[in-house]
Amino acid sequence: MLRVGSNYREKRDYARMAIDAELSCTLLGEGKTFSGKGRNISHSGIQFETDNLLTPGAALEITIDSQSNKIMPMTATVNVLRVEPVESSGFRVAGRIVEFK
């Protein structure tokens, strides 16, 4: 477990890493494609922002492209867990990574 400070114990099994990356999303079953901005990722979850209102339980295929041709894009199937409005505009989405492709 990750420990931060003297009295705090991280409850996650895997630490989250901050990301600032464009991503493309496809709503599985509907084929609707839209973009988003990655905020953080871990072994089993991702948080991103998008202008599209999603429903908890929705299944997505998300691809995060690398800015380098030396690093392949990452694609994963994600289930939407939580959707919150963002003050400026759009929505913050938390998802569980079901499978890396």
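In terms of the working numbering, the sequence shown is residues -3 to 97.
Cβ atoms here follow ideal geometry from the backbone N, Cα and C, with glycine treated the same way.
Assignment of beta-bridge partners to T71 by DSSP yields T59. Closest by C-alpha distance to E45, out of N65, E95, G86, is G86.
Segment contact: the segment 22 to 35 against the segment 63 to 72, fewer than three CB-CB distances shorter than 8 Å; contact not assigned. In this structure, the beta-carbon distance from I93 to G53 does not fall below 8 Å.
Here T22 has T29, E57 as same chain residues with Cβ atoms under 6 Å from its own Cβ, once five neighbours each way along the sequence are excluded.
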